[in-house]
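Some notes on the structure that comes next.
Numbering (the numbering used here), first residue to last: 2 to 634.
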């Protein structure tokens with residue numbers, strides 16, 4: 002084997018740290034992350050392994066925990082090379098995301114490679130001239146057989162970005178004032194569970210419930226009111242910690258929010274000590290007087306409420322899915338799907354509590370909360386797939402259905418987020434109406450029994466039985482493992498909230514969903530609706546309508562109110578499909594009697610409603626009133 006120069010001397014910066022100049026004792030896998038030219042979107046990575054196995058194998062995760070889809074991050078790896086003793090050694094690819102190096106044992110092995118990063122989501126990696134962000138699942142090859150050892154990573158500051166700083170929840174080992182330097186994780190799982198933000202970001206701090214919190218915000222407008230966001234986030238964190246621990250000390254000492262704001266975006270991904278969030282720039286709070294003397298004072302709108310709900314949701318996950326977690330996630334298999342039927346619990350119950358805890362924290366009033374709850378109910382009601390797929394099946398099928406939606410998704414599936422939230426609502430209201438306990442107590446019982454460990458459905462049932470003094474197996478069988486409608490209306494009535502039919506939007510009246518933009522491009526046709534009866538299909542362009550008043554061009558669905566005469570029983574829809582013009586007979590009859598797919602909520606008994614919303618005492622057991630099918634879910 003001939004002598005050769007290490008790869009890093011060819012493509013890495015001249016100040017790049019090598020094994021001959023270690024910052025820490027060289028034991029477990031050790032990574033270095035560098036950026037030579039942000040404009041080409043390439044991270045340079047070095048992985049050094051002190052004691053490789055013969056023919057050492059490496060693999061990059063195919064997915065990231067919390068986002069249940071195989072994303073094949075290895076497709077962005079390029080220029081992978083290896084050296085041992087200063088000489089090149091052969092690298093062969095085993096499959097789509099793993100490699101084998103023809104090395105010997107007893108001498109350090111160095112891998113060097115690049116990762117293309119141009120994904121602005123919270124799931125992968127991004128690098129450009131304004132910022133960088135990455136999850137370890139996108140950058141760090143896993144040294145098979147060494148995952149249990151301490152992992153270190155050295156973040157190098159890009160020479161072309163003098164104003165950049167670094168932020169991550171990884172424990173620091175030797176870093177400078179700007180956050181660059183060496184971090185360590187106690188194994189591969191911790192290494193890839195701590196996303197990293199690089200850039201010129203805003204940062205604030207607050208203490209809540211014995212936990213030191215940092216809030217890093219990138220991309221904010223100059224009018225951004227950081228103090229308001231910190232104050233409201235602190236209130237949320239205190240409410241969540243109080244939910245799980247009361248006045249006890251929580252099991253973590255620090256937490257990091259990484260929030261990136263953009264013109265239009267939304268998303269979040271949970272981690273044990275941090276979360277990555279995306280929000281629309283216009284939804285952030287603004288400073289008093291921003292916009293000049295003539296500007297109106299900023300008032301929080303629906304967008305800011307949505308952001309607070311997202312913060313609440315991801316922070317609640319710190320306990321519910323990152324510590325309490327499905328038994329199937331006790332050990333992550335990064336190479337393949339990790340199936341579980343419990344996402345209705347871990348995502349759905351978190352979705353139930355995210356907005357409810359905003360109410361209890363005083364950040365959301367009762368009317369706004371009931372509006373959000375009604376929206377969740379309508380999303381379930383307007384999904385024909387709820388009569389096809391159980392919410393347990395939806396959890397299992399997340400890998401191939403929820404994250405791969407198409408024009409038939411609404412007809413064949415149900416969301417474990419929305420229906421799971423309604424299952425939580427029904428269990429909470431049932432416990433409270435029987436006068437013994439509530440779902441909060443069952444959640445805390447789960448934490449007490451399982452803490453930082455795996456959870457099975459039998460454990461959920463055991464916690465419910467301990468709190469409710471009876472078995473809830475029948476409820477879970479009907480609400481989770483069958484497509485039976487949920488008794489939401491009856492249970493809400495017991496707690497002073499009435500569920501009424503409401504006028505649906507035009508798209509729902511017709512039984513279709515349209516793509517955003519100019520014109521009417523049909524995205525999906527709902528099972529049993531008027532559009533399906535007319536023969537419309539996904540991909541059709543609805544051009545116009547012919548009725549008693551003549552033929553009319555349509556720009557959007559609301560135009561139908563201009564051109565259709567009240568009382569018409571049918572019209573002719575002019576549709577474009579594959580460059581052909583079709584005339585389809587569109588029935589205009591109302592929904593069948595007893596079928597309601599749009600509801601709204603109204604308080605009828607303030608005292609009972611506030612007991613539920615503000616976690617008051619359980620009400621005495623009452624007989625549920627008879628509800629019509631129109632008011633059931």
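Note that beta-carbon positions come from the ideal geometry of N, C-alpha and C, so glycine has one too.
DSSP puts residue i in a beta bridge; with which residues?
{"i": "residue 28", "result": "In DSSP, residue 28 forms no bridge with anything."}
{"i": "residue 152", "result": "186"}
{"i": "residue 213", "result": "208, 255"}
{"i": "residue 82", "result": "113"}
{"i": "residue 168", "result": "198"}
{"i": "residue 93", "result": "101"}
{"i": "residue 33", "result": "47, 155"}
Could you give the residue range of the alpha helix (DSSP H) that holds residue i?
{"i": "residue 313", "result": "303-317"}
{"i": "residue 237", "result": "227-246"}
{"i": "residue 114", "result": "Careful: residue 114 lies outside any alpha helix (DSSP H), inside the beta strand (DSSP E) at 110-117."}
{"i": "residue 412", "result": "410-413"}
{"i": "residue 89", "result": "No alpha helix (DSSP H) contains residue 89, which is instead part of the beta strand (DSSP E) from 88-90."}
{"i": "residue 329", "result": "Element bounds for residue 329: n/a, residue is neither H nor E."}
{"i": "residue 469", "result": "458-469"}
{"i": "residue 479", "result": "474-480"}
If you draw a straight line from the alpha carbon of residue i to that of residue j, how long is it in whole angstroms?
{"i": "residue 209", "j": "residue 615", "result": "21 angstroms"}
{"i": "residue 39", "j": "residue 199", "result": "11 angstroms"}
{"i": "residue 207", "j": "residue 270", "result": "21 angstroms"}
{"i": "residue 506", "j": "residue 484", "result": "25 angstroms"}
{"i": "residue 355", "j": "residue 96", "result": "40 angstroms"}
{"i": "residue 129", "j": "residue 135", "result": "12 angstroms"}
{"i": "residue 364", "j": "residue 357", "result": "10 angstroms"}
{"i": "residue 319", "j": "residue 416", "result": "22 angstroms"}
{"i": "residue 536", "j": "residue 581", "result": "14 angstroms"}
{"i": "residue 538", "j": "residue 474", "result": "41 angstroms"}
{"i": "residue 375", "j": "residue 148", "result": "46 angstroms"}
{"i": "residue 392", "j": "residue 170", "result": "34 angstroms"}
{"i": "residue 176", "j": "residue 197", "result": "14 angstroms"}
{"i": "residue 553", "j": "residue 408", "result": "27 angstroms"}
{"i": "residue 243", "j": "residue 522", "result": "47 angstroms"}
{"i": "residue 44", "j": "residue 216", "result": "25 angstroms"}
{"i": "residue 230", "j": "residue 328", "result": "35 angstroms"}
Residue i CB to nearest chain C CB: under 7 angstroms?
{"i": "residue 290", "result": "Here there is only one protein chain, and chain C is not present."}
Return helix, strand or coil for residue i, following the three-state DSSP convention.
{"i": "residue 349", "result": "helix"}
{"i": "residue 427", "result": "helix"}
{"i": "residue 102", "result": "strand"}
{"i": "residue 386", "result": "helix"}
{"i": "residue 451", "result": "helix"}
{"i": "residue 488", "result": "coil"}
{"i": "residue 555", "result": "coil"}
{"i": "residue 401", "result": "coil"}
{"i": "residue 606", "result": "coil"}
{"i": "residue 47", "result": "strand"}
{"i": "residue 38", "result": "coil"}
{"i": "residue 616", "result": "coil"}
{"i": "residue 338", "result": "coil"}
{"i": "residue 321", "result": "strand"}
{"i": "residue 181", "result": "coil"}
{"i": "residue 520", "result": "coil"}
{"i": "residue 422", "result": "helix"}
{"i": "residue 515", "result": "strand"}
{"i": "residue 587", "result": "strand"}
{"i": "residue 125", "result": "coil"}
{"i": "residue 11", "result": "At residue 11 the pLDDT is 37, less than 50, meaning the model places this residue with poor confidence and gives no usable figure here."}
{"i": "residue 379", "result": "helix"}
{"i": "residue 141", "result": "coil"}
Would you mind reading off the limits of the beta strand (DSSP E) that contains residue i?
{"i": "residue 263", "result": "255-263"}
{"i": "residue 136", "result": "Residue 136 -> no beta strand (DSSP E), and no H or E assigned at all."}
{"i": "residue 545", "result": "542-548"}
{"i": "residue 533", "result": "Run containing residue 533: none in the beta strand (DSSP E); it sits in the alpha helix (DSSP H), 531-535."}
The ligand PLP and residue i: does the residue's C-beta get closer than 6 angstroms to at least one heavy atom of that ligand?
{"i": "residue 116", "result": "Ligands in the displayed structure: none, and consequently the ligand PLP is not present."}
Do the stretch 153-167 and the stretch 181-197 meet, that is, are 3 or more Cβ pairs less than 8 angstroms apart? yes
Three or more C-beta pairs closer than 8 angstroms, one from the stretch 28-35 and one from the stretch 96-105: is that the case here? no
Determine contact between the stretch 327-347 and the stretch 463-476, defined as no fewer than three beta-carbon pairs at a distance below 8 angstroms. no
Three Cβ pairs or more, each shorter than 8 angstroms: is that satisfied between the stretch 396-406 and the stretch 435-446? no
Inter-stretch contact (C-beta, 8 angstroms, three-pair minimum) for the stretch 106-114 and the stretch 46-57: yes
Could you tell me whether the stretch 485-492 touches the stretch 423-432, where touching means 3 or more Cβ pairs closer than 8 angstroms? yes
If we count Cβ pairs, one from each stretch, closer than 8 angstroms, do we get three or more for the stretch 497-515 versus the stretch 523-530? yes
When the Cβ atoms of the stretch 559-566 are set against those of the stretch 600-611, are three or more pairs found closer than 8 angstroms? no
Report yes or no: do the stretch 250-264 and the stretch 274-288 share at least 3 C-beta pairs separated by less than 8 angstroms? yes
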